[in-house]
Every structure is written in C-alpha cells, then in structure tokens.
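Below is one structure, written out as structure tokens; the observations come after it.
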Amino acid sequence: AIEKGFDDLKNDLDMKRLRIHSNTAMEGRIFIQFVALILTTYLRRIMEKQGWNRSHNLQEIMSEMKSLKEISVEGKRKKLVTTPTKFQRQIMELYQVTLWPVYNLSGF
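Each residue of the sequence shown is one higher than the one before, counting from 1 in the UniProt record's numbering.
Below is the structure:
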C-alpha cells in the first residue's frame, strides 16, 4: 500500500521533480500532492470494494470524466451541463455523485 502511494506520487501525480525554488512553494506543492494522494487512494478503494478495479483503472475513469462540462452563467440559477455518457453515469453512480437539475447541452 505504501509502495503504491509512492508510485502514484512519482507517476500519476507528477512528483518526479518539484521544480520549485522556495521552501514555501515546495511545502505548498507537497501538501497539495499529499491531498491528491489521499483522494486517489480513496477513489481506488471504492473501485476495489465494488469490483471495478478488475475491468477499469482510475486513469481511465478520470479521463472519461474530463469530457463532462458544466457552465454557470452569472445571474442565472440553472447550470448548463453536457449530457453524461452511459459510462459517466455509471461512474457517478459508483461514487454516489449526482448532478443538480440542469439543462443538458448535447454535443457541447
């Protein structure tokens, strides 16, 4: 588990080189990376509990969710969102994520 965390930091979370010139910036970057590691570990655990890790990986899920877009217009109460694909709906169900009532934008 610890080795997987270090592998995630080095590869998935881009911690190979810090490229930072101040201690404050370095501490901030390490803190953000640590929080990201906690979140990715949590997401993977949910995948494992539901058996999703046998057929999917976290990178695939993150990539799939990138195409889902939400737009908020200032002064408007409703948000615009692209229509989720079947796979995106399954991912949202896995992580118990719901979209508020919105207008769908097909092909956005």
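Just so it is clear, CB atoms sit at the ideal spot from N, CA and C, and this is done for glycine as well.
Runs of beta strand (DSSP E) with 3 or more residues, each lying fully within the stretch 42 to 93, are found at 70 to 72 and 79 to 82, listed in chain order. The same chain holds no residue with a CB closer than 7 Å to that of Q96 once the five nearest residues on each side in sequence are set aside. For the pair E64 and F87, the CB atoms are nearer than the 9 Å cut-off.
Counting of Cβ neighbours within 10 angstroms places I20 among the exposed residues, the total staying below 16. In this structure, DSSP gives L99 a state outside helix and strand, which the three-state scheme calls coil.
Listed in chain order, the non-local C-beta contacts of M47 below 6 Å within the same chain comprise N53, local neighbours out to five positions each way being set aside. Around the C-beta of I91, 16 or more other C-beta atoms lie within 10 Å, and the residue is accordingly described as buried.
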